[in-house]
Amino acid sequence: MGKDQTVLFHSSVFGPIHSRRLGTSLGINLMPDDGKVCSFDCLYCEAGYNAQGGGTTGLPTREGVAAQLEAKLADMAAKGENLDVITFSGNGEPTLHPDFDGVVDDTLRLRDRYFPQAKVSVLTNSTRIGDERVARTLDRVDNNILKLDSAVEATMRALDRPVSKEFTVERVVEQLKRFSGTGIIQTMILRGEHDGKTVDNTTPEEIEALVKAYKEIKPREVMIYSIDRSTPEEKLQKVGREELETIADKVREAGIAVQVN
Ligand code: SF4
64 MGKDQTVLFH SSVFGPIHSR RLGTSLGINL MPDDGKVCSF DCLYCEAGYN AQGGGTTGLP
124 TREGVAAQLE AKLADMAAKG ENLDVITFSG NGEPTLHPDF DGVVDDTLRL RDRYFPQAKV
184 SVLTNSTRIG DERVARTLDR VDNNILKLDS AVEATMRALD RPVSKEFTVE RVVEQLKRFS
244 GTGIIQTMIL RGEHDGKTVD NTTPEEIEAL VKAYKEIKPR EVMIYSIDRS TPEEKLQKVG
304 REELETIADK VREAGIAVQV N
């Protein structure tokens with residue numbers, strides 16, 4: 064798809080999607096149905112670049128999300144379907160929604176009513192974890208999955224392109240320590256080129272810096288993965304399973320649980 068790639072999700076609740084890794088999952092998109100809103104602008108974002116704009120629908124309301132979710136869960140329960148996980152992801156960063164905490168509360172309540180065995184996961188880019196209300200909300204979900212793509216400032220800036228200049232590796236690593244033992248750190252591993260400059264977080268220096276950061280944060284687990292779908296920057300290369308496993312071994316040697324996706 065490349066540069067013209069645009070948002071993937073055209074509703075607040077999407078799925079269910081069946082995958083071998085996650086089982087049956089429902090997604091919640093707290094961003095617009097026809098645009099993208101994010102505090103990062105990652106070169107690999109499956110929803111495309113921020114330059115496509117925020118769309119016209121605005122953010123969904125807390126009540127609207129709860130109504131869509133309840134309708135979907137009630138329907139799945141009536142049909143005797145199974146549900147393994149409800150995941151907040153979608154067209155941007157879920158923690159930017161002003162009612163993120165309320166939506167999570169509603170989701171946990173509806174999960175308990177319809178599918179009490181299902182897990183609730185949030186995929187966040189970690190930009191808002193310094194906000195106490197956001198951090199406390201993330202503490203309440205089953206899988207708090209936090210992005211840390213590089214522990215080298217220049218690489219993080221080139222790859223994730225944070226909107227705020229105040230967002231730094233040093234600050235986020237410090238903030239991520241709050242989730243020691245509970246948070247899951249997710250790292251996208253790739254190499255390629257953007258605007259004529261190399262972007263590569265697979266070098267020995269990069270992996271060493273990541274392992275050092277993981278050791279400071281002490282997450283419950285680290286998840287490493289590479290590109291799965293087409294990316295807005297077309298000159299990015301997927302890193303193969305074997306190489307990801309070699310990187311994972313280095314993380315394991317540091318005494319940190321890791322999975323390769
Ligand atoms: S943080 Fe996620 S949604 Fe935001 S630009 Fe990066 S990949 Fe896309």
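64 is the number of the first residue of the sequence shown in this note's numbering; add one for each residue after it.
Note that the Cβ used here is the ideal one computed from N, Cα and C, for glycine as well.
Residue i lies in the alpha helix (DSSP H); which residues open and close that run?
| i | result |
| --- | --- |
| V167 | 163-177 |
| Q322 | Not the alpha helix (DSSP H): Q322 falls in the beta strand (DSSP E), residues 321-323. |
In the DSSP assignment, the beta strand (DSSP E) including residue i goes from what residue to what residue?
| i | result |
| --- | --- |
| D263 | 260-263 |
| K210 | 206-210 |
| V215 | Run containing V215: none; DSSP gives neither H nor E here. |
| T187 | 182-187 |
| L89 | 86-92 |
| G118 | Counting along the chain, G118 falls outside any beta strand (DSSP E), and DSSP gives it neither H nor E. |
| V76 | 76-82 |
Compute every distance between the C-beta of residue i and the non-hydrogen atoms of ligand 1, then say whether any falls below 7 angstroms.
| i | result |
| --- | --- |
| A110 | yes |
| D291 | no |
| F230 | no |
| E156 | yes |
| D263 | no |
| N188 | yes |
| F72 | no |
| K210 | yes |
| D104 | yes |
| D223 | yes |
Note down the Cα distance separating residue i from residue j, rounded to an integer number of angstroms.
| i | j | result |
| --- | --- | --- |
| L71 | S88 | 16 angstroms |
| A130 | V76 | 10 angstroms |
| L173 | L136 | 8 angstroms |
| I290 | K281 | 25 angstroms |
| N145 | H257 | 42 angstroms |
| E237 | D162 | 25 angstroms |
| M251 | D175 | 32 angstroms |
| E316 | K275 | 12 angstroms |
| F151 | G118 | 19 angstroms |
| I208 | F230 | 18 angstroms |
| V148 | P179 | 10 angstroms |
| K301 | N264 | 12 angstroms |
| V100 | V185 | 16 angstroms |
Legend entry - Contiguous alpha helix (DSSP H) assignments of at least 4 residues, all confined to the segment 232-317: Runs of alpha helix (DSSP H) with 4 or more residues, each lying fully within the segment 232-317, are found at 232-239, 267-280, 304-316, listed in chain order.
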